[in-house]
Every structure is written in C-alpha cells, then in structure tokens.
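For the sequence shown, my numbering begins at 2 and goes up steadily by one. Ideal Cβ placement from N, Cα and C applies to all residues, glycine included. One structure is given here, and the rest of the page talks about it.
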Amino acid sequence: MKIAVLKEAAGETRCAATPETVKKFAALGAEMAVETGAGASASISDSDFDHAGAKVAARKDVLKGAGVILCINGPDPESVAGAGKGALLVGALDPARSAERINAYAAAGLEALAMEWMPRITRAQSMDILSSQSNLGGYKAVVDAASAYGRAFPMMMTAAGTISPAKVFVMGVGVAGLQAIATAKRLGAQVSATDVRSATKEQIQSLGAKPIFVENVAGIEGEGAGGYATEMSPEYQKAQAELVSGHIAKQDIVITTALIPGKPAPRLISDAQVASMRPGSIIVDLAAEAGGNVEGTVSGERVDKHGVAIIGASNLARSLAADASALFARNLYNFLSAFWDKEQGRPLLPDDDEIVKAIRLTQDGKVVNERLTAA
Numbered sequence: 002m003k004i005a006v007l008k009e010a011a012g013e014t015r016c017a018a019t020p021e022t023v024k025k026f027a028a029l030g031a032e033m034a035v036e037t038g039a040g041a042s043a044s045i046s047d048s049d050f051d052h053a054g055a056k057v058a059a060r061k062d063v064l065k066g067a068g069v070i071l072c073i074n075g076p077d078p079e080s081v082a083g084a085g086k087g088a089l090l091v092g093a094l095d096p097a098r099s100a101e102r103i104n105a106y107a108a109a110g111l112e113a114l115a116m117e118w119m120p121r122i123t124r125a126q127s128m129d130i131l132s133s134q135s136n137l138g139g140y141k142a143v144v145d146a147a148s149a150y151g152r153a154f155p156m157m158m159t160a161a162g163t164i165s166p167a168k169v170f171v172m173g174v175g176v177a178g179l180q181a182i183a184t185a186k187r188l189g190a191q192v193s194a195t196d197v198r199s200a201t202k203e204q205i206q207s208l209g210a211k212p213i214f215v216e217n218v219a220g221i222e223g224e225g226a227g228g229y230a231t232e233m234s235p236e237y238q239k240a241q242a243e244l245v246s247g248h249i250a251k252q253d254i255v256i257t258t259a260l261i262p263g264k265p266a267p268r269l270i271s272d273a274q275v276a277s278m279r280p281g282s283i284i285v286d287l288a289a290e291a292g293g294n295v296e297g298t299v300s301g302e303r304v305d306k307h308g309v310a311i312i313g314a315s316n317l318a319r320s321l322a323a324d325a326s327a328l329f330a331r332n333l334y335n336f337l338s339a340f341w342d343k344e345q346g347r348p349l350l351p352d353d354d355e356i357v358k359a360i361r362l363t364q365d366g367k368v369v370n371e372r373l374t375a376a
C-alpha cells in the first residue's frame with residue numbers, strides 16, 4: 002500500500018505527516034511518498050522525510066498508484082487525479098461547506114474521509130484532529146492576547162508599588178477553552194470562565210478559575226450530541242446575556258471559543274458589551290472563521306472598536322506549525338493503524354463501524370454520509 006502525503010495550498014503551514022509517522026507507517030509495511038516541499042512550512046525538510054524512509058517527489062509521482070492520500074485540507078479534486086481508484090483521501094475536508102468538492106471526490110472514485118467528523122467516543126480520542134488542534138489554538142489565543150495587551154499579566158509587587166493581575170474571561174470551555182484557562186493561569190492572570198454546559202463547572206474550578214454560570218434556569222444543560230454544546234433556549238440566552246454583560250465590563254481580556262457543529266458561531270458579545278470594556282482591553286475570537294462570537298469580528302484581522310482590540314483568530318494552530326503537524330499526523334496515523342490489516346497490508350474500513358460511518362463521505366462513486374445526503 003502506497004501512502005501519499007501532499008503539500009498544502011498557500012497559506013497552510015501544517016503537514017499531514019512527520020518523519021515520526023513516516024517511520025510508523027513504514028513499520029506497518031506501507032510505502033511512503035511525500036510531495037517535494039510538503040513539510041517546509043512546518044520546519045521539516047525533504048531530507049528529513051528521506052532519512053525517515055519516504056520517497057520525496059513531485060505530486061504526480063507521489064500520487065501514482067497511491068491507495069491512501071494524507072492531507073491537512075481537502076485538495077482540489079483535479080490535483081489528485083493521478084491516485085488509484087478507490088484511494089482513501091484522509092484529512093480535514095470541511096464537508097458541510099464543500100458540497101461541490103465532495104461530489105467531485107465521489108465522481109473521481111475517491112473514498113473521502115473527513116477527520117473533523119470523528120465521533121467523540123473513547124476509542125477515537127487519539128484520532129480527534131479537532132481536539133489536538135483546538136488545544137494549541139487555546140494556548141496561542143492567550144499568548145496572542147498577552148502580546149497585544151499593553152500591561153503585565155501577573156500581579157507584581159515592587160518597591161514602586163503593586164501591579165494588579167490581568168483579568169481574563171474565557172467563554173466556552175471545550176478543549177480550546179480549557180487550555181486557554183490553563184495558559185492564562187500559568188501567566189499569572191486572574192481567570193474566570195463560563196459555558197452553557199453545567200458539567201464544565203468542575204473542570205473550570207479544577208484549573209483554579211472562577212466559574213460564571215447562570216443559575217435558576219431549570220432544565221437547560223447545553224449538552225449536545227457527542228459532548229458538543231448545543232443551542233440554548235431564549236430564556237437561557239437572556240439570563241446569560243445579563244450575567245455576562247456585568248462581568249465583561251470588568252475584564253481586561255476575553256477569549257471566546259463557542260462553536261456549534263454545522264452552524265454559524267453563536268453571538269456571545271454585542272457591540273454594546275464591547276463598548277462597556279475599558280480602553281486597552283483585548284478580545285480574541287476563536288470562532289472568527291465560523292462568523293464570530295463577537296459583533297464586529299473580522300476573520301484573520303484585528304479590529305479596534307471603542308478602544309478595544311477584537312482579534313479575529315483564524316486557525317491559530319497554523320502559527321504553531323511544527324507542533325500542530327506532529328499532533329495532526331499522529332491523529333491520522335492512529336486512525337489508519339487502528340484499521341490496518343497486516344495480511345492485506347492496508348487499512349480495512351468496516352461499513353458498520355461507528356467511526357467509519359461518521360467520517361466516510363464518499364464510496365463507490367457516491368456521497369454516502371447521512372449528514373450530507375439528508376441535507
């Protein structure tokens with residue numbers, strides 16, 4: 002089985018394989034082929050891949066006869082035309098917003114596997130690209146906020162007087178939010194956090210932060226399928242807005258991380274709430290690419306409103322390319338190796354497996370995923 006690793010399009014710094022995973026795939030019996038320059042933006046040279054046992058070549062040679070194609074983002078269908086019929090295309094394929102491209106993969110005979118639709122179950126944790134990349138994103142959001150903030154994070158007691166600690170408020174306590182809390186605490190900030198899922202209160206407290214939660218709104222837990230947050234009732238949204246408004250006005254830095262799978266990001270902070278913050282405050286919106294949690298967010302840009310900087314964070318994992326690539330590549334390896342058949346020397350994906358059913362988009366020339374066919 003030949004496994005091809007593609008060089009990503011301009012703007013993407015990560016690579017879908019590393020010398021570590023190349024060696025691991027080779028140990029399974031796979032033939033590894035890496036496109037020239039695939040790892041350059043992630044500080045991985047062609048010679049690094051060569052020494053790990055991969056053949057480094059142009060894309061057409063890498064794809065020729067490949068049974069598996071590893072990528073970060075879904076490639077242009079025409080650019081992978083040289084792959085073998087029935088080849089597995091494995092990566093973050095953005096199926097909800099890429100119907101035309103997914104149809105083209107089906108027409109080309111590729112079996113497209115969207116890793117971002119990996120189910121949140123125990124045996125799939127090591128395969129979860131959203132978690133591995135969000136973890137880095139949460140860390141980088143706080144680092145970027147600290148860089149943009151014109152004051153120190155920790156309390157400092159000096160002969161000239163005391164500097165108060167920065168107040169950091171994290172909205173949305175998933176993987177990114179938890180890492181943001183932990184990072185802000187390590188930097189010495191006074192940290193608080195909120196989430197629509199009441200079960201996260203203990204997680205917030207375990208990291209030494211103060212939970213900010215709506216009380217006395219019965220029967221609303223915010224827990225959606227697979228552990229993701231879901232949309233809230235109008236009653237809860239109103240109560241949360243009132244609670245958060247008073248809290249935000251006292252904060253120096255706000256990190257928003259709220260996402261709802263397959264839908265635009267929920268609006269958490271209004272323009273009026275931004276205006277209530279003191280000049281020099283920072284907001285980092287990790288949901289910028291999905292429309293933003295903050296009114297006025299522009300994806301990939303910094304916008305200054307009412308003296309407050311709103312940073313529309315766009316895939317922060319890309320700014321930590323070496324680490325992000327290492328984690329992403331391990332996710333891909335963990336997935337494929339879990340289904341690897343030693344006798345046949347390739348991964349076998351059972352139709353009735355819950356992981357396979359969740360991430361398989363196309364098969365035998367058709368779009369087969371229920372989330373796409375039902376749309």
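Residue range 191–195 is occupied by the beta strand (DSSP E) that includes residue 191. If you ignore the 5 residues before and after residue 351, its C-beta comes within less than 7 Å of the C-beta of 357, all in its own chain and listed in chain order. Each of 45, 313 and 14 was checked against the Cα of residue 21, and the nearest Cα belongs to 45. With a cutoff of 8 Å on beta-carbon distance, residue 86 and residue 110 are scored as near each other. The segment 123–135 makes no contact with the segment 298–306, as fewer than three CB pairs between them are under 8 Å. Under the three-state reduction of DSSP, residue 345 is assigned to coil, being neither helix nor strand. Taking the Cα positions, residue 241 is about 44 Å away from residue 40. Annotation for residue 101: no residue places its beta carbon closer than 6 Å to its own, counting only its chain and skipping 5 residues before and after.
Along the length of the segment 140–204, whole alpha helix (DSSP H) runs at least 4 residues long occupy 176–187, reported in chain order.
Taken through DSSP and simplified to helix, strand or coil, residue 2 comes out as coil. By the Cβ criterion, the segment 290–304 is in contact with the segment 267–280, since at least three pairs of Cβ atoms, one from each stretch, lie closer than 8 Å.
Between residue 275 and residue 283, the gap from beta carbon to beta carbon reaches 8 Å or more. Residue 17 and residue 216 have their C-alpha atoms roughly 44 Å apart.
When the Cα atoms are used, residue 281 and residue 7 turn out to be separated by approximately 42 Å. Taking residue 36 as reference, the option from 26, 70, 25 and 28 with the minimal CA-CA separation is 70.
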